[in-house]
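Novice: Taking UniProt numbering, the leading residue of the sequence shown gets 1, the next gets one more, and so forth.
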Amino acid sequence: MIENHGIPMVGRMIHSLDGSTYVIPYDARTNQCIYSVGRNYLNGLLLKESENYDNVERYFNHKLVEANLKNGSLTFIKTTSKENITVNADLIIGADGAFSAVRKAMMKQPLFDYSQQYIEHGYLELCIPADENGGFQMPPNYLHIWPRGTFMMIALPNQDCSWTVTLFMPFTNFKELDSQEKLLEFFEKYFPDSVQLIGQKKLMEDFFAGSPSPLVSVKCRPYNVDDKALIIGDAAHAIVPFYGQGMNAGFEDCTLLDQLLQKYNDDLSFVLKEFSDMRWKNTYAISDLAMYNYIEMRDLVTRPSYRIRKAFDDLMFWAFPNFWVPLYNSVTFTTMPYSQCVENRRWQNKVLFSIIIAFMVCTTFGWFYSRN
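#1: Could you please give me the residues that DSSP links to R12 through a beta bridge?
#2: Bridge partners of R221, per DSSP?
#3: Grab the span of the beta strand (DSSP E) containing V204 for me, first residue to last.
#4: Could you say which of V37, R279, L156 lies nearest to H5 if we only look at CA atoms?
#5: Could you tell me the alpha carbon to alpha carbon distance between S276 and P214, rounded to whole angstroms?
#6: Comparing alpha-carbon positions, which option in Q262, N173, P25, S20 lies nearest G122?
#7: From the DSSP secondary-structure annotation, give me the bridge partner or partners of Y35.
#8: What are the boundary residues of the beta strand (DSSP E) that includes P157?
#9: Contact between the region 293 to 312 and the region 137 to 154: three or more CB pairs below 8 Å?
#10: Would you kindly work out how many angstroms separate the C-alpha atoms of L17 and F187, rounded to a whole number?
#11: Put G97 into one of helix, strand or coil per three-state DSSP.
#12: Among S217, V165, F60, which has the Cα closest to the Cα of E125?
#13: Specify whether the region 266 to 274 and the region 136 to 144 touch according to this definition: at least 3 beta carbon pairs, one from each stretch, less than 8 Å apart.
#14: Mapping the DSSP letters down to three states, classify A229 as helix, strand or coil.
#15: Figure out for me which residue from I356, S287, W163, S305 has the closest Cα to the Cα of I145.
#16: Return the first residue and the last residue of the alpha helix (DSSP H) that V65 is part of.
#17: Since I believe N293 is in contact with Y243 (beta carbons under 8 Å), could you give me their beta-carbon distance rounded to a whole number of angstroms?
#18: Spell out the partners DSSP gives M169 in its beta bridges.
#19: When you compare each of F365, T334, F312, Y328 to F353 by their alpha carbons, which one comes out closest?
#20: If you draw a straight line from the alpha carbon of R103 to that of Q117, how long is it in whole angstroms?
#21: Taking only three categories from DSSP, how would you classify T364?
#22: Can you tell me the Cα-Cα spacing of K82 and F60, whole angstroms?
#23: If you measure between the beta carbons of N289 and V325, is that distance less than 8 Å?
#24: Could you check how far apart the C-beta atoms of Y142 and M9 are, in whole angstroms? I think they sit under 8 Å.
Set out below in structure tokens:
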């Protein structure tokens, strides 16, 4: 159902400064793709699915204001009436986002490690509308990227043939664009082909209608308090969006939790501890990968060294598909743990370095041999 609704994207389409484009496929060997799926659609789908379970109750407009995780007591405020409601639970699972109230309560526990990092870049959403015939203005089966070194713009296709455009840029750059003239000059210099796609008037309206939002990354551990409470998703491991794995990582949490509940016959004293022990290395890994991928998307994709490495990885993947899986493919198209993906990349780097050294040595010996 989700795949039928989503729009497949088979690679990145890079927009150069001169307006020309070229494609970097995600998987040149098997043509696997990622999907552009609207968050509102997915949220609605999950809510509708929950209605099929009689033991699931849904309460809207309730905000968690206090939690005693040791005894399972939760106090909510009903936002429509300001009424306080206290409930008790045998197990509390906090899936309440990057600024989790459940995690905040966990931070009072001893030996709880926590760190957060805001990057110096913010993001602002714009929109490319459908064309006059109601179709796409750009080829829809790609993630479109305008990489510009220290900043970038991306565009994702929507079902109505519009595009969700996101500008990622240092906050200092956003502050400099304080007039329509400066904004138009900036876009005509760095994203010239996008001005006509968005439209000058719409660009002005959308840009100045809001302000750039910050991007935060959260690392913490453990994810449980005894057998009483657990955090999952962004509450446990909020990451920057540049690998497109934030929601997938949350779904992986659910899959692992379900597997452990079956393994230990719902014995939470084993389930929650093992969940924390198994999960944190992988969530730390995808957090670091997401940070790196921002550099790759806004800068490295334009460099010859990146294209050479990509070509080498693709060649090795063609020749040895069970032995050499490129980093992006292993993260995006397999269930390989994120930490294992990172370890694989490290030994691949060592192999590549050894090949380069061997080539240089052989070339040097060949040169001396030919001279003698």
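Glycine included, each C-beta is placed from N, C-alpha and C at the ideal position.
Specialist: Well, looking at it:
#1: R12 is bridged to I24, L143.
#2: R221 is bridged to D113.
#3: At residue 204 the sequence reads Met, which differs from the Val that was named. DSSP places M204 outside any beta strand (DSSP E); the residue lies instead in the alpha helix (DSSP H), whose first and last residues are 200 to 209.
#4: Residue nearest to H5 within the set V37, R279, L156 is V37 (criterion: CA-CA distance).
#5: So the alpha carbons of these two residues sit roughly 28 Å apart.
#6: Out of Q262, N173, P25, S20, N173 has the C-alpha closest to the C-alpha of G122.
#7: Its beta-bridge partners are P8.
#8: Residues 152 to 157.
#9: With the cut-off at 8 Å, the region 293 to 312 and the region 137 to 154 touch.
#10: The C-alpha of L17 lies about 11 Å from the C-alpha of F187.
#11: G97: coil per DSSP, three-state reduction.
#12: Its Cα nearest to that of E125, the residue V165 stands out among S217, V165, F60.
#13: Contact between the region 266 to 274 and the region 136 to 144 is not established, with fewer than three Cβ pairs separated by less than 8 Å.
#14: Strand at A229.
#15: Checking every option, the nearest Cα to that of I145 belongs to W163.
#16: Per DSSP, V65 lies in no alpha helix (DSSP H) segment; the continuous beta strand (DSSP E) that holds it begins and ends at 62 to 68.
#17: With a Cβ gap of about 5 Å, Y243 and N293 count as contacting.
#18: As computed with DSSP, M169 is found in a beta bridge with G122.
#19: Of F365, T334, F312, Y328, the residue nearest in Cα terms is F312.
#20: Looking at the two C-alpha atoms, the distance is approximately 16 Å.
#21: Three-state result, T364: helix.
#22: Their backbone Cα atoms lie some 13 Å apart in a straight line.
#23: The sequence given here has Leu at residue 289, not Asn. Not in contact: L289 and V325 (Cβ atoms no closer than 8 Å).
#24: Separation of the CB atoms of Y142 and M9 is rounded to 6 Å, and the pair is thereby assigned contact status at 8 Å.
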